[in-house]
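What the sequence shown shows, in full-length UniProt numbering, is residues 1 to 234, in sequence order.
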Amino acid sequence: EDRSMDVETISTGSLSLDIALGAGGLPMGRIVEIYGPESSGKTTLTLQVIAAAQREGKTCAFIDAEHALDPIYAKKLGVDIDNLLCSQPDTGEQALEICDALTRSGAVDVIIVDSVAALTPKAEIEGEIGDSHMGLAARMMSQAMRKLAGNLKQANTLLIFINQIRMKIGVMFGNPETTTGGNALKFYASVRLDIRRTGAIKEGEEVVGSETRVKVVKNKVAAPFKQAEFQILL
Numbered sequence: 001e002d003r004s005m006d007v008e009t010i011s012t013g014s015l016s017l018d019i020a021l022g023a024g025g026l027p028m029g030r031i032v033e034i035y036g037p038e039s040s041g042k043t044t045l046t047l048q049v050i051a052a053a054q055r056e057g058k059t060c061a062f063i064d065a066e067h068a069l070d071p072i073y074a075k076k077l078g079v080d081i082d083n084l085l086c087s088q089p090d091t092g093e094q095a096l097e098i099c100d101a102l103t104r105s106g107a108v109d110v111i112i113v114d115s116v117a118a119l120t121p122k123a124e125i126e127g128e129i130g131d132s133h134m135g136l137a138a139r140m141m142s143q144a145m146r147k148l149a150g151n152l153k154q155a156n157t158l159l160i161f162i163n164q165i166r167m168k169i170g171v172m173f174g175n176p177e178t179t180t181g182g183n184a185l186k187f188y189a190s191v192r193l194d195i196r197r198t199g200a201i202k203e204g205e206e207v208v209g210s211e212t213r214v215k216v217v218k219n220k221v222a223a224p225f226k227q228a229e230f231q232i233l234l
């Protein structure tokens with residue numbers, strides 16, 4: 001029985017992951033969250049999505065809140081840098097406003113936000129170090145999700161959020177890991193991918209890449225909980 005909905009998708013650049021996603025890739029008009037530990041291949045995976053989308057003639061945007069996009073590496077993965085809209089916003093609100101403006105323009109097919117953890121609320125940037133800003137980022141994300149979800153559907157734009165993992169303090173039972181930016185993204189995302197580096201690929205002593213495992217933790221367009229393993233070569 002085929003449980004996948006009939007939605008337009010974009011390839012992730014990895015055949016095994018496209019199969020695990022069930023629908024043949026990441027769904028257009030939806031929100032996707034990709035999260036994992038540092039250097040697990042989150043940005044690499046999203047750059048592969050951009051390369052695949054550009055090959056289909058789609059327009060892509062990269063909101064680089066971490067200020068860490070390497071154009072040379074992106075080119076190596078097949079990204080057409082000259083035709084990639086790239087923005088390095090100063091505040092979280094600005095980043096999310098740019099997302100909304102790009103979506104409403106109807107001219108952009110894929111938007112990547114790298115990363116949710118780097119979306120710092122304006123009040124926090126303008127405040128002193130040491131000030132308490134409890135729940136500000138979560139509130140900002142929650143407002144943005146409500147606004148973006150409908151606009152993305154109308155414009156048929158795919159929005160991918162990269163997220164980092166944090167440890168919850170004092171968790172005795174269950175998983176102590178959590179993602180940043182509150183719960184709104186968890187609810188609004190149609191697909192959530194958990195990406196992990198499982199080992200190194202070596203040629204002799206030299207490390208030439210990494211073995212990667214991706215779990216489809218949430219999937220609203222096909223059956224969830226499948227996983228894929230592939231290699232990311234440096």
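Don't be surprised by glycine CBs; every beta carbon is placed ideally from N, CA and C.
Predicted model, so just to flag it, every value in this text is computed and none were measured.
V79 and L158 do not touch by the CB rule: their CB atoms are close to 16 Å apart, not below 8 Å. Residue environment analysis places A23 among the buried positions, since at least 16 neighbouring C-beta atoms fall within 10 angstroms of its C-beta. With a 10 Å radius around the Cβ and a threshold of 16 neighbouring Cβ atoms, I72 comes out exposed. Put simply, of K218, T91, G209 the residue whose alpha carbon is nearest the alpha carbon of T44 is G209. Between A101 and P121, the C-beta gap is not smaller than 9 Å, which leaves the two residues out of contact. With a threshold of 16 other beta carbon atoms within 10 Å, R166 falls short and is exposed.
Between N219 and R192, the CB-CB gap stays under 9 Å. I111 is classed as buried because its beta carbon has at least 16 other beta carbons within 10 Å across all chains shown. Taking the C-beta atoms as reference points, I162 is found no nearer than 9 Å to I19. Between T59 and L77, the CB-CB gap reaches or exceeds 9 Å. Around the CB of Q154, fewer than 16 other CB atoms lie within 10 Å, so the residue is classed as exposed. Contact between R213 and P37 is absent: CB atoms are separated by about 12 Å, not below the 8 Å threshold. Take K75, set aside five residues on each side of it, and the residues of its chain with a beta-carbon closer than 7 Å to its own are I81, in chain order.
Taking A61 as reference, the option from S16, K42, V108 with the minimal CA-CA separation is V108. Selection S16, M141, E203, K168 evaluated against K226 yields S16 as nearest (Cα-Cα). Sequence-distant Cβ neighbours of T103 in its own chain, meaning closer than 6 Å and more than five residues away, are N151, L152, A155, T157. Note on S190: 16 or more other CB atoms within 10 angstroms of its CB, so buried under the neighbour-count rule. By the C-beta density criterion, D90 is exposed, having fewer than 16 other C-beta atoms within 10 angstroms. Excluding residues up to 5 positions away in sequence, A65, E66 lie with their Cβ nearer than 7 Å to the Cβ of A118 in the same chain.
Burial is judged here by how many other beta carbons sit within 10 angstroms of a residue's own beta carbon; R146 has fewer than 16 and is exposed. Within the model, the alpha-carbon separation for I98 versus G106 is close to 13 Å. For N151, the enclosing alpha helix (DSSP H) begins and ends at 136–155. In terms of CA proximity to L234, E203 leads the group A228, V216, E203, P224.
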